[in-house]
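Residue numbers (my numbering), protein chains in the order written: chain A, 7 to 304; chain B, 65 to 453. Where is the CB? At the ideal position from N, CA and C, for every residue including glycine. None of the values given here were measured: they were computed from a predicted structure.
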């Protein structure tokens, strides 16, 4: 491989990696927010992403809506689903040991996967073309207009989220609950409401990722959330679980690492690399790239 | 008093019911003028459309022979039992067919895993099983490497397709280099990839890249970009339509316009929906047969099937019909309805003209027959050529 073609391949793999990584980042944001607030790894999060893709599918294919309205509808419906799940499955276990809640999360995940398989059949469905995929060829690098849309929507949603968390009252309440739940309660913050709000926001972001993936890859099915869910979890840990900018960084890094590993080593090592990162991070920097080393209170 | 009466009436009712049921069973007992063949098919459940197509094919073959006077004056009758697309139900269905209905041979099931659930029962009851469609090599050869005496099939096995596509790439497409993209989570895919590589090299070609993905993957661009850099003449993707659709779409987006090759896992309308009709142009895959084939035998079958069921027969219907022809041929040559003699006759099937080709069973009970290569053109499946083994 000569140098010019190496550079070209590297450029193409970076494009591939960043577009894949922005999806991981969107899902990882939800993981990280929920963990930050109630110290729960919500394993059902990948399935909310799947539900979001189906909501988007029904909005575009059956109600014949265009891209933006169906994205909003999917986000709203997923937010409601997230709140319902929190109310029904996690709130009754608020004072239970953490392991019980974790197992419940896995139960909810299986329920969503196989429940929707029952409802919508395991057959994959294809999204109608809501906006055309234009292909740009810049100096041998191939770029798809949908990749740009994915990146743009991800960035906008992350900025909105950042604004909500740092500059609004609910955001302030969220940060307070995350910092010290009991103190927040004493200050008159309705903790249940804040947690419910967090689930709504996290689920809405996952749904946005689901719709974007549905349009980009043009194929959705009830088990599509498992792998991206796990990868996004690794991304959240990589960036530092509980830290919002960490999730964005971790997601994009994960995508790029995967693309480079399959591009320059072997595609068979792709997933091994992804989960190898999880092991290395947990061994050497358990609080993640952006995390501060704080000793957990016991 | 009243209680006693009630229970007495209850017992009488049960007695009547049993009588009715057994009388019903008696109705299907072999009469002198009928030969009963069991049909253990996926009539409901996950792959119900496969099971129904196959059963329709068999019924058509039986109907035709019956209208010509049957076999030695006896009419053939297919007794269908539903296995609900599940291995455990397939075992129940074959037990019912053999012990209650007293069939002389069993056709089906469709899926390899379901057939494997029935092979021991067939052997224990010394009843031959003929599956139309199960392509897994293990169906006719046990784990100990011995041929299963009572199991036969009407379709080619998975490795054969790999050879067909390698020959097609080397001879018809004049390809010198090939890349292989294999589904690492599927035995079907890995087996096909190995055979393809071996026969492509035997044809003087070179494998320039082998990459792998997993079921349910959605992004293939990284591995495709890598393959693109090696500039292969063709890419062989032996996988199922869901992933194949995404791979084809993404390869074309990356500007990879070489022929893409595949196997019968591509045969689904979903493939066109996912990949898009334009992306699939210059795509070829092997299948059991093509309804577009101009062979008069195939065209006659397509016309007859359309007349009977008002739809175009898919590959499963054609294979079901072929299995029907095989059992008819075996019954004629056995000149008996004894399962042991039918088994002998089936094993000796030779040069039998069926819809999907000329069929001879090899020593492993697998047919040696031709495969069809299908070309995708604007979302339609066109018949490209027939490849003989």
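Distances from the CA of residue 183(B) to each of 324(B), 400(B), 335(B), 216(B) were compared; the closest alpha carbon is that of 216(B). Look at residue 213(B) here: in three-state DSSP terms it is coil, with no helix or strand label. The segment 412-427 of chain B makes no contact with the segment 314-321 of chain B: fewer than 3 CB pairs, one atom from each, lie closer than 8 Å. Identification of chain A residues near residue 289(B) by a Cβ-Cβ cut-off of 7 Å yields 15, 18, 19, 22, 269, ordered along the chain. Between residue 370(B) and residue 205(B) the beta-carbon gap is near 37 Å, outside 8 Å, which marks them as no contact. For residue 300(B), the closest Cβ of chain A is not nearer than 8 Å. Identification of chain A residues near residue 275(B) by a Cβ-Cβ cut-off of 7 Å yields 273, ordered along the chain. Under the three-state reduction of DSSP, residue 439(B) is assigned to strand.
What residue 136(B) touches in chain A, judged by beta-carbon distance under 7 Å, is nothing: the nearest beta carbon there is about 46 Å away. Of the other Cβ atoms in all chains shown, fewer than 16 fall within 10 Å of the Cβ of residue 151(A); this residue is therefore exposed.
Linking residue 298(A) to residue 129(A) through their CA atoms gives a straight-line distance of about 45 Å.
Measuring C-alpha to C-alpha distances from residue 289(B) to each of 25(A), 268(A), 124(A) identifies 268(A) as the nearest. Residues of the segment 158-182 of chain A with a Cβ closer than 8 Å to any Cβ of chain B: none. Closest by C-alpha distance to residue 81(A), out of 159(A), 131(A), 68(A), is 159(A). Cβ-Cβ distances below 6 Å link residue 153(B) to 147 in the same chain, with the five nearest sequence neighbours on each side left out; the list follows chain order. Interface criterion not met: the Cβ of residue 48(A) is under 8 Å from no Cβ in chain B. Measuring C-alpha to C-alpha distances from residue 203(B) to each of 190(B), 189(B), 191(B), 221(B) identifies 221(B) as the nearest. Shown here for residue 441(B): same chain residues with a beta carbon closer than 7 Å to its own, the five before and five after excluded, namely 345 in chain order.
By the C-beta density criterion, residue 341(B) is exposed, having fewer than 16 other C-beta atoms within 10 angstroms.
For residue 310(B), the nearest CB of chain A lies under 8 Å from its own CB, placing it at the interface with that chain. With a threshold of 8 Å between beta carbons, residue 103(A) makes no contact with chain B. In this structure, residue 55(A) and residue 220(A) do not form a Cβ contact; the two beta carbons are roughly 10 Å apart against a cut-off of 8 Å. Under DSSP, residue 348(B) takes part in a beta bridge, and its partners are 325(B), 439(B).
Residues of chain A with a Cβ closer than 9 Å to the Cβ of residue 280(B) are, in chain order, 227, 229, 230, 232, 233. Contact residues of the segment 109-126 of chain A toward chain B are absent (C-beta to C-beta distance below 7 Å). Between residue 136(B) and residue 130(B), the C-beta gap is not smaller than 8 Å, which leaves the two residues out of contact. Closest by C-alpha distance to residue 277(B), out of 296(B), 245(B), 255(B), is 245(B). In chain order, 317 make up the part of chain B whose C-beta sits under 7 Å from the C-beta of residue 141(A). According to the DSSP assignment, residue 9(A) belongs to the alpha helix (DSSP H) that extends over 9-44. Residue 388(B) carries a helical assignment under DSSP once its states are collapsed to helix, strand and coil. No beta strand (DSSP E) of 3 residues or more sits fully in the segment 160-214 of chain A. Taking a Cβ-Cβ cut-off of 9 Å, the neighbours of residue 338(B) in chain A comprise 130, 132, 223, 224, 225, given in sequence order. Contact between residue 157(B) and residue 384(B) is absent: CB atoms are separated by about 16 Å, not below the 8 Å threshold. Three or more pairs of CB atoms, one per stretch, sit closer than 8 Å, so the segment 13-31 of chain A contacts the segment 138-148 of chain A. Listed as beta-bridge partners of residue 275(B) by DSSP are 245(B). For residue 222(A), the CB contacts under 7 Å within the same chain, skipping 5 residues up- and downstream, are 152, 156 in chain order.
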